[in-house]
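K.L.:
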Amino acid sequence: MRRKIFPYLLLIPTYLVIVFFIYAPAFDALYNSFFRVSVFGRRKIFVGFQNYLSLFTDKDYLYAVNFTLVYTGVTVVVSIFLSFFLALLLDQKVPGSRIYRTLIFAPYAVSHAVAGALWGFLLNPVVGHVNYLMRIFFGIQTHWLTTTPYAAYSLIFASVWKTLPFNIIFYLAALQSIPTEVLEASIIDGASSWKRVWKIIFPLVSPITFYLVIMSIISATFQSFAIIDVMTKGGPGIYTTNLVYKLFLDGFRFQKIGLASAQNVILFIVMMVITIIYFSYGQRRVHYQ
Amino acid sequence: MRRFWLIVLVVLTVVSFAKVKIQFWHAMGGWRIEVIQNMVNDFMKLNPDIEVEVQYVGSYEEILAKLIAAVQAGTPPHVVQLNEISTQKMIDSGVIVPVQDLIDKDPTFDVGLFLPQVLNYYRVGGKLYSMPWNTSTPLLYYNKTMFKEVGLDPNNPPTTFSELIEACRKLVKKDEKGNIVRTGITWPLYAWFFEQYMALQNQPLVDNNNGRTAKATKVVFNNQAALNFLNLWNTLTKEGLMINTRRADWTAARQLFISQTVGMLISSTSDVALLMNESKKQGFELGTAFLPLPDCTQRGGVVVGGGSLWILKQKNQAEVDAAWKLVKYLAEPGPQIVWHQATGYYPIRIDAIQKLLVQGYYQENPHHLTAILQLLTSVQNYNTQGAIIGAFPEVRNAIETAVEKMLTGALTPKQALDEAERNANKAIKEYF
Numbered sequence: 457m458r459r460k461i462f463p464y465l466l467l468i469p470t471y472l473v474i475v476f477f478i479y480a481p482a483f484d485a486l487y488n489s490f491f492r493v494s495v496f497g498r499r500k501i502f503v504g505f506q507n508y509l510s511l512f513t514d515k516d517y518l519y520a521v522n523f524t525l526v527y528t529g530v531t532v533v534v535s536i537f538l539s540f541f542l543a544l545l546l547d548q549k550v551p552g553s554r555i556y557r558t559l560i561f562a563p564y565a566v567s568h569a570v571a572g573a574l575w576g577f578l579l580n581p582v583v584g585h586v587n588y589l590m591r592i593f594f595g596i597q598t599h600w601l602t603t604t605p606y607a608a609y610s611l612i613f614a615s616v617w618k619t620l621p622f623n624i625i626f627y628l629a630a631l632q633s634i635p636t637e638v639l640e641a642s643i644i645d646g647a648s649s650w651k652r653v654w655k656i657i658f659p660l661v662s663p664i665t666f667y668l669v670i671m672s673i674i675s676a677t678f679q680s681f682a683i684i685d686v687m688t689k690g691g692p693g694i695y696t697t698n699l700v701y702k703l704f705l706d707g708f709r710f711q712k713i714g715l716a717s718a719q720n721v722i723l724f725i726v727m728m729v730i731t732i733i734y735f736s737y738g739q740r741r742v743h744y745q
Numbered sequence: 052m053r054r055f056w057l058i059v060l061v062v063l064t065v066v067s068f069a070k071v072k073i074q075f076w077h078a079m080g081g082w083r084i085e086v087i088q089n090m091v092n093d094f095m096k097l098n099p100d101i102e103v104e105v106q107y108v109g110s111y112e113e114i115l116a117k118l119i120a121a122v123q124a125g126t127p128p129h130v131v132q133l134n135e136i137s138t139q140k141m142i143d144s145g146v147i148v149p150v151q152d153l154i155d156k157d158p159t160f161d162v163g164l165f166l167p168q169v170l171n172y173y174r175v176g177g178k179l180y181s182m183p184w185n186t187s188t189p190l191l192y193y194n195k196t197m198f199k200e201v202g203l204d205p206n207n208p209p210t211t212f213s214e215l216i217e218a219c220r221k222l223v224k225k226d227e228k229g230n231i232v233r234t235g236i237t238w239p240l241y242a243w244f245f246e247q248y249m250a251l252q253n254q255p256l257v258d259n260n261n262g263r264t265a266k267a268t269k270v271v272f273n274n275q276a277a278l279n280f281l282n283l284w285n286t287l288t289k290e291g292l293m294i295n296t297r298r299a300d301w302t303a304a305r306q307l308f309i310s311q312t313v314g315m316l317i318s319s320t321s322d323v324a325l326l327m328n329e330s331k332k333q334g335f336e337l338g339t340a341f342l343p344l345p346d347c348t349q350r351g352g353v354v355v356g357g358g359s360l361w362i363l364k365q366k367n368q369a370e371v372d373a374a375w376k377l378v379k380y381l382a383e384p385g386p387q388i389v390w391h392q393a394t395g396y397y398p399i400r401i402d403a404i405q406k407l408l409v410q411g412y413y414q415e416n417p418h419h420l421t422a423i424l425q426l427l428t429s430v431q432n433y434n435t436q437g438a439i440i441g442a443f444p445e446v447r448n449a450i451e452t453a454v455e456k457m458l459t460g461a462l463t464p465k466q467a468l469d470e471a472e473r474n475a476n477k478a479i480k481e482y483f
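These protein sequences, in sequence, are chains G and F. In short: position in the first sequence from 1, add 456, done, that's this note's numbering. In short: position in the second sequence from 1, add 51, done, that's this note's numbering.
1) Looking at residue 608(G) and residue 524(G), is the spacing between their C-beta atoms short of 8 Å?
2) Taking DSSP as the reference, what is the three-state secondary structure of residue 435(F)?
3) What does a CB cutoff of less than 6 Å around residue 194(F) pick up in its chain, not counting 5 residues either side in sequence?
4) At the level of alpha carbons, what is the spacing between residue 532(G) and residue 619(G)?
5) Straight-line CA distance for residue 744(G) to residue 466(F)?
6) Note down, in chain order, every chain G residue with its Cβ under 8 Å from the Cβ of residue 123(F).
7) Identify, in the order they occur along the chain, each residue of the same chain with its Cβ nearer than 8 Å to the Cβ of residue 135(F), setting aside the five sequence neighbours on each side.
8) Straight-line CA distance for residue 424(F) to residue 319(F)?
9) So what does DSSP say about residue 744(G), is it helix, strand or coil?
10) Unbroken beta strand (DSSP E) runs of length 3 or more, entirely within the segment 348-382 of chain F: which are they?
11) Run through chain G and tell me which residues come within less than 9 Å of residue 112(F), C-beta to C-beta.
12) Would you tell me roughly how many angstroms separate the C-alpha atoms of residue 521(G) and residue 716(G), rounded to the nearest one?
13) Bridge partners of residue 130(F), per DSSP?
14) Along the segment 286-318 of chain F, what residues have a CB closer than 8 Å to any CB found in chain G?
15) Does the distance from the CB of residue 622(G) to the CB of residue 664(G) come in under 8 Å?
16) So, at 8 Å on beta carbons, what are the nonlocal neighbours of residue 399(F) in its own chain, with the 5 sequence-adjacent residues on each side left out?
17) Residue 688(G) versus chain A: which residues are under 9 Å apart at the beta carbon?
18) Which residues does DSSP pair with residue 182(F) in a beta bridge?
19) Is residue 273(F) close to chain G? Criterion is C-beta to C-beta, closer than 8 Å.
20) Quick test of your reading: residue 572(G) and residue 686(G), contact by CB under 8 Å. State the CB separation rounded to the nearest angstrom.
21) Between residue 145(F) and chain G, is any beta-carbon pair separated by less than 8 Å?
22) Can you pull the chain F residues whose beta carbon is under 8 Å from the beta carbon of residue 692(G), in chain order?
23) Which full runs of the beta strand (DSSP E) of 3+ residues lie inside the segment 600-625 of chain G, going along the chain?
24) May I ask you to report which of helix, strand or coil DSSP gives residue 204(F)?
25) Leaving aside the five residues before and after residue 212(F) along the sequence, list all residues of the same chain whose C-beta is less than 8 Å from its C-beta, in chain order.
26) Just to confirm the assignment, what range does the alpha helix (DSSP H) spanning residue 244(F) have?
27) Can you name, in chain order, every residue of its own chain whose Cβ lies under 6 Å from the Cβ of residue 472(G), other than the five neighbours on each side?
28) Taking the alpha-carbon of residue 750(G) as reference, which of 542(G), 463(G), 494(G) has the nearest alpha-carbon?
29) Can you give the beta carbon distance from residue 451(F) to residue 478(F), rounded, assuming they're within the 8 Å contact cut?
30) Please tell me whether residue 140(F) has its Cβ less than 8 Å away from any Cβ of chain G.
31) Touch check for the segment 634-654 of chain G and the segment 323-337 of chain F: three-plus C-beta pairs under 8 Å?
32) Decide if the segment 542-553 of chain G is in contact with the segment 719-727 of chain G; the criterion is three or more beta carbon pairs, one per stretch, under 8 Å apart.
33) For the segment 555-570 of chain G and the segment 645-660 of chain G, state whether three or more C-beta atom pairs, one from each stretch, are separated by less than 8 Å.
34) Do residue 253(F) and residue 434(F) have their beta-carbon atoms positioned less than 8 Å apart in this structure?
35) By how many angstroms is the C-alpha of residue 301(F) removed from the C-alpha of residue 81(F)?
36) Flag this pair as yes or no: are the beta carbons of residue 292(F) and residue 234(F) separated by less than 8 Å?
Right under this line is the structure:
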């Protein structure tokens, strides 16, 4: 009897943390999403699904859905392929690759907000280095953060820059765990290096790719707030407003708690779908040699 | 018995040394953090029984968000600085102590010495809910040295839109490849300037006399006055005579002016002190002027912006009293003069201005005088008193979003106004 209770006792602290910091706020958001709440939360009116209905009939919200898909899609695809390519290069035994490896990991140590601020400085139309170099070499000047479509390009560029090191680390580890016999066999069979990369190496690291795609989607969709807030503030107009930034605006700028909670629930569902896909599909496919 | 007296003595000493602790949250970053801390330190020297914890909480938006969180958690700060557009929201909140109630009970405080232009903004329905504090209006700053260089009269800054466009065209400088390396003007992308240009043309922003006689039900800015301003903005941008910043990016606008990339800047009077210093460092002569008007219009006036101090309801009455003492102190002539000189925000009291005049301060600091004169010469009516809207942040957002769309070429000025009107009205209707 005692033996049966003891393990559960040990689990209690974890469950307490999860319940108070994850489930309670999540249920609170679900509850609030059916209400119209006044600014200081003193008055509440039950409105049923009105918040959800008004979100899906709001052109701006649908735009944000669209932008999130484009922004996430481009960021993830570019980041995955670029990091795979860079990892391949870093995996070569070239003098100095260790130093280069260290340097390329540096962005990972920088927080999203600082990364946004850094790119904000670099892309500043007046005193930014990017425009300075562009003017000298190409004779053009661009307002990177305040004009379409450059605001989106800048955001995607900064996000890719930020997620790249994480992906490279994982690809490097995966590449180094590929048995050398397989590669040697392919060399003896006369496979070109291009063929070797796409027919042997890439399939062998596919479990990692799958994991990185999921992580990059989460990072680009849910953690992009700081970069957007610092770099473009969702502008010009609503051009770079994604779902998370829209949620922030409605919740914290305009204090529409009910509406923001509804958006929160929607994001929660999206997140859950991604997680379920990862666990059911990913678990089955993961096979390390 | 002796022991009893000993205990009484101990209790009395403890009580007499016990300080009332209050919190003061403000949104003034940079060098102003220290200015405020020094002012509060002086206050604590005068009131040794009160301990004030000063906190710079972030921007006006952040401070409001954090205030709401603190109130809901049951630990509101005592004194909070909020921007002018939070006024209706705070009146509706039910969590504040209107300063009018405290003024009525306090015979030592004379509100009659305050500038009526400032009081008019913060008085709603004849009642003063918060203490006006940092007060500013927009001002035209220009680079006199650059004006001379391109053959403009440095003592005759533009007063109309066509003069402004003309001056901007002259200020443009291109490099050998045809890139614009210097241009005419900038101002932060902020709906405040839109509101000011409505008032300058003596037009209201919302109905019911700018929300002053009854709660505003819709915006009334979709007219020629607003179009005048948006057309100017659009023309300047399309011709490359103006550089636009990100939303509410005051720093970027100042930077453009200080680095002499633009010859003119429209910004808040709270930048006077900073720009005086920076122009000296950069070696150019600074000029200030009233905002230019559309051609052939009569000047209405500017609306005061900035922030005011709110006192939050507390369980302990002693804390409210201490908060009132602090608020009262910060509005006294002495601290007001310190604040004015360190920043450029107006002294909000007539006696403070008088004192500075007598001391000859404005002869040496003419830019501070331009700022004050622009406010004092403003027509006083509902239009220049400023709008009171609960959903003001959303209204500003609607205007800024539409303007950004206009600037990227997606909308014409008229379409931008239509969209801003539609979204602002929706927000006003949904305010709760």
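Positions of the beta carbon are idealized from the N, C-alpha and C atoms, including for glycine.
P.N.:
Looking at the atomic coordinates:
1) No, the pair does not count as a contact, with Cβ atoms beyond the cut-off.
2) In the structure shown, the three-state DSSP call for residue 435(F) is helix.
3) If we look at residue 194(F) and ignore the five residues flanking it on each side, its Cβ neighbours are 314, 335.
4) Rounded to the nearest angstrom, the two C-alpha atoms are 9 Å apart.
5) Annotation note: pLDDT 48 at residue 744(G) (below 50); position unreliable, no value reported.
6) Within chain G, the residues near residue 123(F) are 496, 497.
7) Excluding positions up to five away in sequence, the list reads 172, 173, 355, 356, 357, 358, 359, 437.
8) Distance between the alpha carbons of residue 424(F) and residue 319(F) is about 14 Å.
9) Below a pLDDT of 50, predicted positions are generally treated as unreliable, and residue 744(G), at 48, falls in that range; the measurement from the model is reported next regardless. Correct three-state label for residue 744(G): coil.
10) Runs of the beta strand (DSSP E) spanning 3 or more residues and lying entirely within the segment 348-382 of chain F occur at 356-363, in chain order.
11) Per Cβ cutoff of 9 Å: 708, 709.
12) Their backbone Cα atoms lie some 15 Å apart in a straight line.
13) Bridge partners of residue 130(F) according to DSSP: 75(F), 362(F).
14) Residues passing the 8 Å Cβ filter: 294, 295, 296, 297, 298, 299, 303, 306, 307, 310, 312.
15) Cβ distance not < 8 Å, so residue 622(G) and residue 664(G) don't count as in contact.
16) Taken in chain order, the residues that qualify are 165, 166, 169, 183, 184, 186, 382, 387.
17) The structure shown contains no chain A; its protein chains are G and F.
18) BP columns for residue 182(F) point to 360(F).
19) When Cβ-Cβ separations below 8 Å define contact, residue 273(F) makes no contact with chain G.
20) The Cβ separation is near 3 Å, so the contact holds.
21) For residue 145(F), the closest Cβ of chain G is nearer than 8 Å.
22) Neighbours of residue 692(G) on chain F, chain order: 455, 456, 458, 459.
23) Runs found: none.
24) Per DSSP, reduced to three states, the secondary structure at residue 204(F) is coil, with no helix or strand assignment.
25) Around residue 212(F): 279, 283, 343, 344, 345, 346.
26) Judged by DSSP secondary structure, residue 244(F) falls within the alpha helix (DSSP H) whose first and last residues are 242-251.
27) The beta carbon of residue 472(G) is closer than 6 Å to none in its chain, skipping five residues each way along the sequence.
28) Missing from the structure shown is residue 750(G); chain G here goes from 457 to 745 and no further.
29) Not really, about 13 Å apart at Cβ, beyond 8 Å.
30) Interface residue, yes.
31) No, the segment 634-654 of chain G does not touch the segment 323-337 of chain F.
32) Contact between the segment 542-553 of chain G and the segment 719-727 of chain G is absent, because fewer than three Cβ pairs lie under 8 Å.
33) Three or more Cβ pairs closer than 8 Å define a contact, and the segment 555-570 of chain G falls short of that threshold against the segment 645-660 of chain G.
34) Residue 434(F) places its beta carbon less than 8 Å from that of residue 253(F).
35) Approximately 13 Å, taken between the alpha carbons.
36) Taking 8 Å as the Cβ cut-off, residue 292(F) and residue 234(F) qualify as a contacting pair.
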